[in-house]
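A quick write-up on the structure given underneath.
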Amino acid sequence: MRLSKLKGLTEEDGQDDQMKKWKFASEKFVQTIHKYRKQHMFWKTIDIPEGEIHSTISVETVPFEQETVNNKFLGDIICKVDFKPKMDPKPVIPLNILQVILADFIDSLLEINPDLMNKPSIYPHDILNMYHFKFSNVSIYPAQGILHLRDFMDTPTFNLKLLSPNGFGSLMFSRSHMLNVYSLTPGDLPTFADDYSSYMDKLVKKAKHVYNALKRGTWKGHTYFLEAHRDLNKSFVVHQDRDNYNKTDKVIHPNFRLSCNFGWEIVDGKKNSPEESPLSEDEQKEFRQYLKNRFEQFGISY
């Protein structure tokens with residue numbers, strides 16, 4: 007066999023060996039993420055001075071093939087965030103919230119598999135960069151409230167700093183790079199008005215009084231009872247009016263609408279469900295409209 011052919015075979019074998027090593031690294035990396043997900047089946051809780059973070063990680067991969075390697079993309083690592091701020095004296099969204107979440111995720115992966123950092127020859131930087139990390143959404147839950155950060159940030163900033171994908175290898179191997187990429191400035195995030203917490207507290211207290219006044223009654227000869235959640239607070243949701251948000255000063259004022267949910271009503275001692283209700287279908291609709299009207303008299307959606 008000619009020397010040139012022998013050389014060609016050697017180069018091809020070398021490329022095959024490299025692909026096998028890269029595939030091994032890719033599979034082990036994804037396995038590490040799955041181990042993390044198994045440890046934190048629903049979410050990872052992170053306590054910070056401003057409140058409590060729940061982060062949920064998912065990974066979406068594509069088949070490891072020469073084409074996907076050439077395209078430098080092997081999958082997405084997606085992080086969903088729920089943040090419950092402390093309400094006293096008012097909620098605060100910390101500027102380092104994204105950095106804290108990602109740093110905690112990276113540290114958790116390294117606890118599971120220290121070789122990710124200690125053996126770059128096994129887990130090449132370029133391969134880990136083919137997995138793109140991004141935040142999909144950040145929801146804020148101030149007391150009984152709920153708002154989505156996307157509605158209260160400038161769209162270009164939200165798209166760049168949360169939705170924009172970043173190579174995971176660069177984020178993991180350089181903490182300074184990670185901190186820079188996910189750095190938020192005071193102009194990026196909204197703040198809450200000083201009376202936000204006190205106003206919400208008064209609103210929820212009023213709703214509880216309304217519930218206690220209306221939870222029992224009679225309707226056309228039927229007795230009814232509204233069975234609230236064990237924690238009455240969870241029966242009410244305060245919705246922020248995003249249409250009245252001033253994106254210039256970025257201050258969230260207590261412009262609220264309140265809704266309640268008590269599950270199935272109890273009518274004549276029976277659950278008011280289609281299967282068990284003592285009311286006809288038309289009576290059920292009429293009864294629920296009656297309750298809706300009663301609560302709406304006090305500004306509460308039923």
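Taking my numbering, the leading residue of the sequence shown gets 7, the next gets one more, and so forth.
Virtual Cβ for every residue (Gly too), placed ideally from N, Cα, C.
What you are looking at is a predicted structure, and each value in this text was computed from that prediction instead of being measured.
Exposure label - residue 50; buried when at least 16 CB within 10 Å: As a first step, residue 50 must be located in the sequence shown, where it is residue number 44. Within 10 angstroms of the beta-carbon of residue 50 lie 16 or more other beta-carbons, which makes it buried.
Element boundaries [beta strand (DSSP E), containing residue 222]: Stepping through the sequence shown from its first residue, residue 222 is reached at position 216. Residues 222 to 225.
Contact the region 209 to 221 vs the region 271 to 285: 3+ CB pairs below 8 Å: Contact fails between the region 209 to 221 and the region 271 to 285, because fewer than three Cβ pairs, one in each stretch, are under 8 Å apart.
N- and C-terminal bounds of the alpha helix (DSSP H) containing residue 296: Within the sequence shown, residue 296 is the residue found at index 290, counting from 1. It spans 287 to 302 - the alpha helix (DSSP H) in which residue 296 sits, taken as one unbroken run.
Whole-number beta carbon distance between residue 178 and residue 122, since they are thought to touch under 8 Å: Taking the sequence shown and counting its residues from 1, the one referred to as residue 122 is at position 116. Taking the sequence shown and counting its residues from 1, the one referred to as residue 178 is at position 172. Confirmed, Cβ separation roughly 7 Å.
Spatial distance of residue 59 from residue 147 (CA atoms): Residue numbering aside, residue 59 sits at position 53 when the sequence shown is read from its first letter. Residue numbering aside, residue 147 sits at position 141 when the sequence shown is read from its first letter. Whole-angstrom Cα-Cα distance: 10 Å.
From 107, 82 and 29, residue whose alpha carbon lies closest to that of residue 52: Residue numbering aside, residue 52 sits at position 46 when the sequence shown is read from its first letter. With distances taken between Cα atoms, residue 52 lies closest to 107.
Buried versus exposed, by CB contacts within 10 Å (16 or more), residue 175: Counted from its first residue, the sequence shown places residue 175 at position 169. Buried: at least 16 other Cβ atoms inside 10 Å.
Bounding residues of the alpha helix (DSSP H) (the contiguous stretch that carries residue 181): For the purposes of this step, residue 181 is identified with residue 175 of the sequence shown, where counting begins at 1. Element bounds for residue 181: 181 to 187.
Beta-carbon proximity of residue 80 to residue 89, cut-off 9 Å: Along the sequence shown, one-based indexing puts residue 80 at 74. Along the sequence shown, one-based indexing puts residue 89 at 83. Going by C-beta atoms, residue 80 is not nearer than 9 Å to residue 89.
Terminal residues of the alpha helix (DSSP H) in which residue 121 lies: To locate residue 121, count along the sequence shown from 1; it is residue 115. Counting along the chain, the alpha helix (DSSP H) containing residue 121 begins and ends at 121 to 124.
beta-carbon residue 64 near the ligand FMN non-hydrogen atom, thresh 8 Å: The ligand FMN is absent from the structure shown, which contains no ligands of any kind.
At least three beta-carbon pairs within less than 8 Å, the region 255 to 263 to the region 218 to 238: The answer is no - the region 218 to 238 does not touch the region 255 to 263, with fewer than three Cβ pairs under 8 Å.
Contact the region 25 to 45 vs the region 116 to 132: 3+ CB pairs below 8 Å: Because the criterion of three Cβ pairs below 8 Å is met, the region 25 to 45 and the region 116 to 132 touch.
Residue environment, residue 169, which counts as buried when at least 16 other CB atoms sit within 10 Å: Here residue 169 refers to the residue found at position 163 of the sequence shown. It counts as exposed.
Where the beta strand (DSSP E) containing residue 191 begins and where it ends: Locating residue 191 in the sequence shown gives position 185, where the first residue counts as 1. Premise fails: residue 191 is in no beta strand (DSSP E) and is neither H nor E.
Three-state secondary structure assigned by DSSP to residue 244: Position 238 of the sequence shown, counting from 1, holds the residue named residue 244. The answer is strand: DSSP assigns residue 244 an E or B state.
Opposing strand residues paired with residue 89 [DSSP bridges]: Stepping through the sequence shown from its first residue, residue 89 is reached at position 83. Per DSSP, 59 and 146.
Rounded straight-line distance, which links the Cα of residue 239 to that of residue 210: Within the sequence shown, numbered from 1, the residue matching residue 210 stands at position 204. Within the sequence shown, numbered from 1, the residue matching residue 239 stands at position 233. Straight-line Cα distance between these residues: approximately 8 Å.
Residue 275 - DSSP class collapsed to helix/strand/coil: Here residue 275 corresponds to residue number 269 of the sequence shown, with the count starting at 1. Coil, per DSSP.
Residue 67 and residue 85 closer than 9 Å at C-beta: Position 61 of the sequence shown, counting from 1, holds the residue named residue 67. Position 79 of the sequence shown, counting from 1, holds the residue named residue 85. No, the Cβ-Cβ distance between residue 67 and residue 85 is not below 9 Å.
C-alpha distance - residue 361 paired with residue 150, whole-angstrom precision: An answer regarding residue 361 cannot be provided, because it is not within the stretch 7 to 308 covered by the chain.
Buried versus exposed, by CB contacts within 10 Å (16 or more), residue 1: This structure cannot settle anything about residue 1, because the visible part of the chain is limited to 7 through 308.
Residue from 91, 242 and 28 with nearest C-alpha to residue 307: Residue numbering aside, residue 307 sits at position 301 when the sequence shown is read from its first letter. With distances taken between Cα atoms, residue 307 lies closest to 242.
Euclidean distance between Cα positions of residue 141 and residue 128: Locating residue 141 in the sequence shown gives position 135, counting from the first residue. Locating residue 128 in the sequence shown gives position 122, counting from the first residue. In a straight line, the C-alpha of residue 141 is about 27 Å away from that of residue 128.
Residue 21 (DSSP reduced to helix, strand or coil): Locating residue 21 in the sequence shown gives position 15, counting from the first residue. Three-state result, residue 21: helix.
Backbone CA spacing between residue 247 and residue 263 [nearest angstrom]: As a first step, residue 247 must be located in the sequence shown, where it is residue number 241. As a first step, residue 263 must be located in the sequence shown, where it is residue number 257. As the crow flies, the alpha-carbon of residue 247 is around 7 Å from that of residue 263.
Simplified DSSP state of residue 263, which is helix, strand or coil: Here residue 263 is taken as the residue at index 257 of the sequence shown, counted from 1. Residue 263: strand per DSSP, three-state reduction.
Residue closest to residue 144, alpha-carbon to alpha-carbon, out of 125, 164, 135 and 65: The sequence position of residue 144 within the sequence shown is 138, counting from 1. The shortest Cα separation from residue 144 among 125, 164, 135 and 65 belongs to 164.
Cβ-based neighbour list, residue 296, same chain, cut-off 7 Å, excluding 5 preceding and 5 following: The sequence position of residue 296 within the sequence shown is 290, counting from 1. Contacts found: 225.
Rounded Cβ spacing between residue 82 and residue 171 (contact assumed at less than 8 Å): For the purposes of this step, residue 82 is identified with residue 76 of the sequence shown, where counting begins at 1. For the purposes of this step, residue 171 is identified with residue 165 of the sequence shown, where counting begins at 1. The C-beta distance from residue 82 to residue 171 rounds to 7 Å, short enough to meet the 8 Å contact threshold.
Cutoff 7 Å; reference residue 300; Cβ partners in own chain excluding five residues on either side: The sequence position of residue 300 within the sequence shown is 294, counting from 1. Once the five neighbours on either side are set aside, the close Cβ partners of residue 300 are 220.
Separation of residue 24 from residue 65, as counted between CA atoms: Residue 65 sits at position 59 when you count from the first residue of the sequence shown. Residue 24 sits at position 18 when you count from the first residue of the sequence shown. Taking the straight line from one Cα to the other gives about 24 Å.
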